[in-house]
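This note's numbering puts the first residue of the sequence shown at 2, with every later residue one more than the last.
C-beta: ideal position from N, C-alpha, C; glycine also.
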Amino acid sequence: MKSNTTKENIVVENFIVHYMLSFKHLCLVTVSCPLLALIICFVTAYIFQPDDIHETHCRVYNIIPSISAITGISPQRYLWRISVAFHIGPRFIIAAVHKSYHLNLINASSKYHEKAKWWLNFAFWLNVLEIGSLCGVTYISNRENYPIHEKLFIIFMVSSLMHMLACIKGIRWVAETNNDLERVQRGLLIKKSLLILSLVSTVGLVAFFLKHRLLCHVMAFSWFAFCEYIIALANMAFHVTVILDFPTEHLVVAKGLQHVTKNNKFD
2 MKSNTTKENI VVENFIVHYM LSFKHLCLVT VSCPLLALII CFVTAYIFQP DDIHETHCRV
62 YNIIPSISAI TGISPQRYLW RISVAFHIGP RFIIAAVHKS YHLNLINASS KYHEKAKWWL
122 NFAFWLNVLE IGSLCGVTYI SNRENYPIHE KLFIIFMVSS LMHMLACIKG IRWVAETNND
182 LERVQRGLLI KKSLLILSLV STVGLVAFFL KHRLLCHVMA FSWFAFCEYI IALANMAFHV
242 TVILDFPTEH LVVAKGLQHV TKNNKFD
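Spelled out as structure tokens, the structure:
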């Protein structure tokens with residue numbers, strides 16, 4: 002008993018934290034980068050370059066520019082690309098930590114544990130696909146290569162919606178393995194509301210895009226753009242709900258972490 006205590010004291014003495022970052026703050030800063038950039042791009046483009054952002058193939062009247070329009074002109078495109086570049090790295094870290102966190106919550110003795118693992122892994126890879134396609138639509142603008150930009154946008158939309166659904170399913174099944182659905186009800190309700198909002202907005206986006214593209218209806222493109230902004234904001238809000246799972250956790254750079262087990266005990 003004494004030798005174990007001595008060993009633990011030695012390990013604690015060798016455990017040094019070099020840097021510690023609040024995971025909650027990381028998530029908030031990460032989502033703030035594209036959000037603030039989007040607002041700046043919208044305001045500056047609307048004030049100084051209205052002719053460039055309202056131009057469409059139909060040449061009909063519209064008042065709301067699309068995200069692609071305000072982030073595809075210069076100099077706004079540089080701000081948007083820089084903001085996306087800054088937030089991509091942390092998003093991969095957040096996705097990996099989120100998956101690992103929920104995998105560790107699974108009760109291996111439950112009959113639902115395999116289903117919970119499958120949904121969590123599926124959600125993770127959909128998240129990776131979403132991040133990758135976001136990079137694609139960011140760095141290949143509609144002005145540079147519209148066909149590729151359009152396909153990447155579709156991939157982003159589909160992967161984003163599927164990720165939302167898979168994430169909700171994964172968290173629900175993890176809670177089922179522990180008979181603890183009540184603990185996650187609030188978070189799931191918020192996530193489901195954002196998913197429904199995104200789905201409704203996506204239906205509107207497709208409908209107004211077809212009206213604009215095929216029939217050239219006045220203001221159809223503005224309604225398309227409005228739906229696009231709602232989807233973007235709902236997507237950002239969904240990703241920031243991860244802080245509900247990590248209210249007090251931190252990312253740590255430390256010496257001696259190899260001696261710490263998943264149960265927060267020293268080997």
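Per DSSP, the bridge partner or partners of residue i
| i | result |
| --- | --- |
| Lys256 | Ile17 |
| Ser23 | His251 |
Minimum C-alpha distance to residue i - residue among the options
| i | options | result |
| --- | --- | --- |
| Glu131 | Ser160, Asn146, Gly137 and Glu145 | Ser160 |
| Ser101 | Gly171, Leu162 and Asn180 | Gly171 |
| His185 | Ile244, Thr45 and Val207 | Here residue 185 is Val; the residue named in the question, His, does not match the sequence. Ranking the options by Cα distance to Val185, first place goes to Ile244. |
| His26 | Gln259, Ala238, Phe247 and Phe49 | Phe247 |
| His88 | Leu162, Ser33, Thr45 and Ala70 | Ser33 |
| Tyr62 | Phe239, Leu252, Ala221 and Ala235 | Ala221 |
| Arg60 | His103, Gly90, Arg214 and Ile197 | Arg214 |
| Ile40 | Leu127, Gln77, His251 and Met21 | Gln77 |
| His164 | Leu200, Leu252 and Tyr113 | Leu200 |
Cβ-based burial, residue i [other Cβ within 10 Å; buried from 16]
| i | result |
| --- | --- |
| Val85 | buried |
| Asp105 | Going by the sequence as given, residue 105 is Asn instead of Asp. Per the 10 Å Cβ criterion, exposed. |
| His58 | exposed |
| His19 | exposed |
| Val145 | As written in the sequence, residue 145 is Glu, which differs from the Val given in the question. The residue in question, Glu145, is exposed, as its Cβ has fewer than 16 Cβ neighbours within 10 Å. |
| Val177 | Going by the sequence as given, residue 177 is Glu instead of Val. Burial call: buried. |
| Lys192 | buried |
| Gln259 | exposed |
| Thr72 | buried |
| Ile74 | buried |
| Pro29 | Rather than Pro, the amino acid found at residue 29 in this sequence is Leu. Per the 10 Å Cβ criterion, exposed. |
| Ala38 | buried |
| Phe225 | buried |
| Leu135 | buried |
| Leu190 | exposed |
| Thr139 | buried |
| Glu229 | buried |
| Asn180 | exposed |
| Leu148 | Residue identity differs from the one stated: residue 148 is Pro in this sequence, not Leu. With fewer than 16 other Cβ atoms within 10 Å, it is exposed. |
Where residue i falls: helix, strand or coil (DSSP)
| i | result |
| --- | --- |
| His251 | strand |
| Ser110 | coil |
| Ser33 | helix |
| Met2 | Confidence at Met2 is low in this model, with a pLDDT of 49, below 50, so the placement of that residue is unreliable and no value is reported for it. |
| Arg144 | coil |
| Ile74 | coil |
| Glu149 | Looking at the sequence provided, one finds Ile at residue 149 rather than Glu. If DSSP states are grouped into helix, strand and coil, Ile149 belongs with the helices. |
| Met220 | coil |
| Arg184 | helix |
| Asn179 | coil |
| Ile65 | coil |
| Thr57 | coil |
| Asp52 | helix |
| Val243 | helix |
| Phe267 | In this prediction, Phe267 scores a pLDDT of 43, lower than 50, which makes its location untrustworthy; the coordinate-derived value is nonetheless stated afterwards. In the structure shown, Phe267 sits in a strand (DSSP, three-state: E or B). |
Proximity test, residue i beta-carbon vs the ligand NAD heavy atom, cut-off 7 angstroms
| i | result |
| --- | --- |
| Phe209 | Questions concerning the ligand NAD fall outside what the structure shown contains, since it holds no ligand whatsoever. |
- With contact counted as at least three CB pairs below 8 angstroms, one residue from each stretch, are the region 120-134 and the region 48-57 in contact? no
Practice problem: Report yes or no: do the region 147-161 and the region 80-100 share at least 3 C-beta pairs separated by less than 8 angstroms? | Solution: no
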